[in-house]
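Q: I am attaching a structure below and will ask some questions about it afterwards.
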Amino acid sequence: KSGAWAERGLLALCGIGVEPGLADVFARYAADHLFDRIEEVGIRDGANLLVAGYDFAPSFSIWTTIEECLNPPVIWERDRGWFTTEPFSEPEVFDFPEGIGPVECVNVEHEEVLLVPRWIDCERVTFKYGLGDEFIEVLKTLHKLGLDRTDPVDVRGGRVSPRDVVAACLPDPATLGDKMSGKTCAGTWVTGMGKPDRRGSSVAQGSAGERREVYLYHVADNEWTMREYGTQAVTWQTAMNPVIALELLASGTWSGAGVLGPEAFDAVPYLDLMTEGYGQSWHVREQGERR
Numbered sequence: 006k007s008g009a010w011a012e013r014g015l016l017a018l019c020g021i022g023v024e025p026g027l028a029d030v031f032a033r034y035a036a037d038h039l040f041d042r043i044e045e046v047g048i049r050d051g052a053n054l055l056v057a058g059y060d061f062a063p064s065f066s067i068w069t070t071i072e073e074c075l076n077p078p079v080i081w082e083r084d085r086g087w088f089t090t091e092p093f094s095e096p097e098v099f100d101f102p103e104g105i106g107p108v109e110c111v112n113v114e115h116e117e118v119l120l121v122p123r124w125i126d127c128e129r130v131t132f133k134y135g136l137g138d139e140f141i142e143v144l145k146t147l148h149k150l151g152l153d154r155t156d157p158v159d160v161r162g163g164r165v166s167p168r169d170v171v172a173a174c175l176p177d178p179a180t181l182g183d184k185m186s187g188k189t190c191a192g193t194w195v196t197g198m199g200k201p202d203r204r205g206s207s208v209a210q211g212s213a214g215e216r217r218e219v220y221l222y223h224v225a226d227n228e229w230t231m232r233e234y235g236t237q238a239v240t241w242q243t244a245m246n247p248v249i250a251l252e253l254l255a256s257g258t259w260s261g262a263g264v265l266g267p268e269a270f271d272a273v274p275y276l277d278l279m280t281e282g283y284g285q286s287w288h289v290r291e292q293g294e295r296r
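Taking our numbering, the leading residue of the sequence shown gets 6, the next gets one more, and so forth.
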């Protein structure tokens with residue numbers, strides 16, 4: 006479809022929430038300013054959010070979560086292209102910043118893996134989500150019972166979608182903000198051979214030719230988002246990004262034609278507007294020996 010859009014001089018900007026969206030912007034920034042050669046771009050998402058009064062209450066759409074988590078996760082490698090693996094595969098413990106701490110993350114199907122390799126020169130792209138053992142077991146049980154199905158089944162003369170029933174039985178995530186506490190972190194972990202930061206900003210300096218491993222991230226605190234905007238952290242962190250992109254498109258700072266993702270555009274204006282226009286700081290944490 007991209008060619009048809011380009012022929013008409015139109016732009017379709019895909020994947021401009023937080024993940025995909027801000028995570029892709031981070032990947033572009035790393036490619037342009039932090040690395041000479043990238044080995045892996047790995048999106049890593051984790052949180053320590055709790056919902057008081059509920060044994061199980063997802064902070065995001067359970068309908069979408071079932072779709073993403075039970076579909077075969079996609080991985081991209083330069084030598085293999087795109088391929089799938091088992092749901093919840095390759096568990097790893099990732100240490101998230103700002104007090105969230107270590108969270109076990111697993112492979113999950115997500116759009117960044119389809120978008121990033123089209124524009125970022127790298128060897129591998131992955132997406133891993135910190136679901137937790139309980140959440141994974143709930144998802145597996147729903148699958149075993151067939152409650153993840155979307156096609157309608159007969160129930161006492163009526164036809165209903167099992168997944169719609171599950172969603173209807175759980176609280177609406179948009180209503181949970183005043184019962185939630187904690188933080189959520191969205192970010193992009195990048196490894197490869199580094200180069201000095203060319204902007205002279207507060208981003209930690211690297212040395213050309215040295216191996217480098219960094220995590221670029223943004224954290225949303227539920228207490229702050231509820232106080233300032235009256236909405237919970239997960240939905241707010243997602244909603245901020247299309248607004249920033251719309252400003253960049255309206256001003257002509259971002260422009261183009263075709264069907265593009267955010268990694269196709271210069272990351273600096275986006276991150277500057279996020280910081281200066283919306284008061285949202287983003288960070289680069291050096292990993293491994295360089296932390």
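Virtual Cβ for every residue (Gly too), placed ideally from N, Cα, C. All values derive from a computational prediction rather than experimental measurement.
Just how far apart, CA to CA, sit V118 and V111?
A: As a first step, residue 118 is located in the sequence shown; it is residue number 113 there, counting from the start. As a first step, residue 111 is located in the sequence shown; it is residue number 106 there, counting from the start. About 14 Å.
Q: Let me check understanding here. Comparing Cα to Cα, which of T196, F88, S94, N76 lies closest to H148?
A: The count along the sequence shown starts at 1 and reaches residue 148 at position 143. Ranking the options by Cα distance to H148, first place goes to N76.
Q: Count the other CB atoms within 10 Å of the CB of L39; is the residue buried (16 or more) or exposed (fewer)?
A: Position 34 of the sequence shown, counting from 1, holds the residue named residue 39. Classified as buried, L39 has 16 or more neighbouring CB atoms from the shown chains inside 10 Å of its CB.
Q: Distance check for S94 and R204, CA to CA, integer angstroms please.
A: If you number the sequence shown from 1, residue 204 lands on position 199. If you number the sequence shown from 1, residue 94 lands on position 89. Low confidence applies to R204: its pLDDT is 49, below 50, so where it sits in the model is not reliable enough to give any reading.
Q: At which residues does the beta strand (DSSP E) containing H223 begin and terminate?
A: For the purposes of this step, residue 223 is identified with residue 218 of the sequence shown, where counting begins at 1. From DSSP, the beta strand (DSSP E) with H223 extends over 216 to 226.
Q: Considering just the uninterrupted stretch of the beta strand (DSSP E) at W68, what are its terminal residues?
A: Translated into positions along the sequence shown, residue 68 becomes position 63. Not the beta strand (DSSP E): W68 falls in the alpha helix (DSSP H), residues 67 to 75.
Q: Using C-beta distances below 7 Å, list every residue in its chain close to V46, excluding the 5 sequence neighbours before and after it, in chain order.
A: The residue given as residue 46 occupies position 41 in the sequence shown. Only A32, V121, I125, C127, V130, T193, V195 meet the Cβ criterion.
Q: Classify C174: buried if its beta carbon has 16 or more other beta carbons within 10 angstroms, exposed otherwise.
A: Taking the sequence shown and counting its residues from 1, one reaches residue 174 at position 169. Around the beta carbon of C174, fewer than 16 other beta carbons sit within 10 angstroms, so the residue counts as exposed.
Q: Would you check if there are 3 or more beta carbon pairs closer than 8 Å linking the stretch 214 to 221 to the stretch 52 to 66?
A: no
Q: Taking DSSP's pairing of strands, which residues face I43 in a bridge?
A: Looking up residue 43 in the sequence shown gives position 38. Its beta-bridge partners are G197.
Q: Using the Cα positions of E97 and Y134, report the straight-line distance between them to the nearest angstrom.
A: Mapped onto the sequence shown, residue 97 falls at position 92. Mapped onto the sequence shown, residue 134 falls at position 129. Going by the C-alpha atoms only, they are around 10 Å apart.
Q: Could you check if F146 is buried or exposed, using at least 16 other CB atoms within 10 Å of its CB as the buried criterion?
A: Within the sequence shown, residue 146 is the residue found at index 141, counting from 1. A small fix is needed here, since residue 146 is Thr in this sequence, not Phe. By the 10 Å Cβ count, T146 comes out exposed.
Q: S7 by DSSP, collapsed to three states: which one?
A: By 1-based counting over the sequence shown, the position of residue 7 is 2. Of the three classes helix, strand and coil, the one that applies to S7 here is helix, per DSSP.
Q: Alpha carbons only, please: which of A238, G137, L136, V160 is nearest the one belonging to L181?
A: Within the sequence shown, the letter at position 176 stands for residue 181. Ranking A238, G137, L136, V160 by Cα distance to L181 puts A238 first.
Q: Going along the chain, which residues of its own chain have a beta-carbon closer than 6 Å to the beta-carbon of C190, five neighbours each way excluded?
A: Locating residue 190 in the sequence shown gives position 185, counting from the first residue. G51, F101, I105, Y222, V224, listed in sequence order.
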